[in-house]
Structures are given as structure tokens and as C-alpha cells.
Amino acid sequence: MTDPGHSSRIGVFGGTFDPPQNGHLAVAQAVLERLELDHVLFVPAGDPWQKNVKTPAIDRFAMVEIALLGQERMSVSSVDIERQGPTYTIDTLTDLANLYPSAELFFILGDDAFSGITSWKNYEQLTQLATIVVVSRHGTPVEVPTKLSPSVNLLEMSALPISSTQCRDRIKEGHSLEGLVPAGVAEYIEKKNLYRRTT
Ligand code: ATP
Ligand code: MG
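First residue of the sequence shown? That's 1071 in our numbering, and the numbers climb one at a time after it.
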């Protein structure tokens, strides 16, 4: 695996990853190639404050690790699950900038996540730490807040129509996740009996 410590252009892909699905991998691969990044770090949120997430961070982290097995230029970072309290992207980027002081950071997110960015803590300071890369997920035009516009890179790609919500729903309904998540992730979900409980 490439060592992010020796990388000069690092993509930072934050998310809940509940579970990681093939759409996430396609995004990371596309951005890696199109922006000629050296490495993409997946950063599972410790406490995603805008969501009601029941799956423990340790399981979401483990599933990302499994999803990335064999990926030369991608790995998972624990900075957000090690930090106490709600996960704010400004803290994620600050931690990673300290860990990789000579790297240039690219924060990757889908258009749905980006549309809520002005509600994030200190959002106007994010661009001091990273270039923001927005991947069009739903094909709808993306509105970029003026405070961010010089540092936002809009990337059109044919995103896979897969979401983690869809994966959780399929498990609840007793369907398989074949083609939606890497096989190892499906095995982990089954072994740990995730997403079955309806409460
Ligand atoms: P959920 O349905 O639980 O919200 P999700 O599939 O949106 O899950 P997240 O962990 O919320 O997955 O997403 C992490 C990031 O990946 C977000 O920026 C999101 O926009 C992006 N993303 C997720 N799936 C896709 C996809 N199929 N295509 C493009 N971007 C995606
Ligand atoms: Mg989402």
C-alpha cells in the first residue's frame, strides 16, 4: 500500500460508511484518477451529529478496512473515531494537516452532503485546509456558497446509484447485498448480524 505519510496529494473522504458500499469505492477511484492523487484516506465519522447512527464506530471502521483490502492507494484513518464528541470536518482536516504536514489535502464529498455544508462548524475555514471536491451524485446542479467558490472543484462523474440506506433496507427486508458492497463487507454484516434489528 502507498504510505499516506509519503504522499503529496491526499484525498480525504469522510462519511458514516454504514456500511461502505461500492458507490464509495467508485467515487474514491474516480477522484484518485481524475485529480492525480497519491492516496485517498477514508475517514469514518466517530459521532455523526446530523444523523442517528446505531452501528458502532468500531464496526464501521472495520468494514471500511475490509472494503479497502487490496486497494493500493486507499486506506482508512481513525482520526475521527479517536476524537471525543461530535465529528466536525474542520477538526478532521486539522488533525490530518498535522499528521501529514507536507501534503496537499482534497476533501471529497457527494453533492447531497455538500448542499448542507453551510451548517457545518466553521465551514468557511475548510478551504484554508483543503480543496473541496464535490462529486455529482444525483446529477442536479450544485450551488456553491460564495465564501467557498474559489476552492471548490466540481467533478462530474456517473455516480453509481447506490446508498448505504438502500443497503441497510435490503438487509432488513432479507435481501442480499450482492453487487452493492464488497463481498467481505457483506460477510462482516452477516457475521455481526448488523442492520437486522428493526428497533
Ligand atoms: P446514507 O444513505 O446512510 O446517508 P450514503 O450512501 O450517503 O449513506 P455516507 O457515508 O453518508 O453514505 O456518504 C459519505 C460520502 O459519500 C458523502 O459525501 C456522500 O455524498 C458520498 N456518496 C455516498 N454514496 C455515493 C454514490 N453512490 N455516489 C457519489 N457519492 C456518494
Ligand atoms: Mg449520506
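For each residue, glycine too, the CB sits at the ideal point set by N, CA and C.
Query	Result
What is the DSSP secondary structure of I1202, reduced to helix, strand or coil?	strand
Between which two residues does the alpha helix (DSSP H) carrying M1133 extend?	A1127 to A1137
By the DSSP assignment, the beta strand (DSSP E) with N1092 in it spans what residues?	Premise fails: N1092 lies in the alpha helix (DSSP H), N1092 to R1104, not in any beta strand (DSSP E).
Let me know if H1208 comes out buried or exposed under the rule of 16 or more other beta-carbons within 10 Å of its beta-carbon.	exposed
Closest to A1200 by CA distance: which of G1075, G1249, Y1170 and R1153 is it?	Y1170
Suppose the cutoff is 7 angstroms on Cβ atoms and the five residues either side in sequence are ignored; what does the same chain contact list for T1188 look like?	P1215
For G1254, which of G1140, L1107, V1205 and Q1120 has the nearest alpha-carbon?	G1140
Which residue marks the beginning of the beta strand (DSSP E) containing E1174, and which one marks its end?	E1174 to G1180
Buried or exposed, going by whether 16 or more other CB atoms sit within 10 Å of the CB of Q1198?	exposed
Heavy atom of ligand 1 less than 7 angstroms from the Cβ of R1207, yes or no?	yes
Helix, strand or coil: which one does DSSP assign to V1113?	strand
Please classify H1076 as buried or exposed, where buried requires at least 16 neighbouring CB atoms within 10 angstroms.	exposed
Go through its chain and collect everything with a Cβ distance to D1181's Cβ below 8 angstroms, but skip five positions before and after it.	V1204, V1205, S1206, R1207, H1208, T1210 and V1212
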